[in-house]
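Data first, discussion second: the structure below is written as structure tokens.
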Amino acid sequence: MTDDMMNVRSLVEKSADADLLREMIGFAAERLMELEVSSATGAGFGEKNPL
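Number 48 marks the last residue of the sequence shown (the numbering used here); no jumps.
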């Protein structure tokens, strides 16, 4: 697993579009975390409680 992550990191760093890829991966990770939290709590996006 660590070797795979190192390979992905080195690929992204060598790419001309490294900033774009970094932003896309960050956005996808943030969205996945938001979806996980909303499903665990029952609250929708931007809500503080499920009521």
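Note that the Cβ used here is the ideal one computed from N, Cα and C, for glycine as well.
Reducing DSSP to helix, strand and coil, say where residue i ends up.
i     : result
Asp14 : coil
Glu20 : helix
Ala25 : helix
Rounded to whole angstroms, what's the CA-CA distance from residue i to residue j? Just pull it up for me.
i     : j     : result
Asp14 : Gly23 : 14 Å
Leu17 : Ser36 : 29 Å
Gly41 : Ala25 : 18 Å
Gly39 : Glu27 : 18 Å
Ser7  : Met21 : 16 Å
Glu33 : Glu44 : 14 Å
Val57 : Glu31 : Missing from the structure shown is residue 57; the chain here goes from -2 to 48 and no further.
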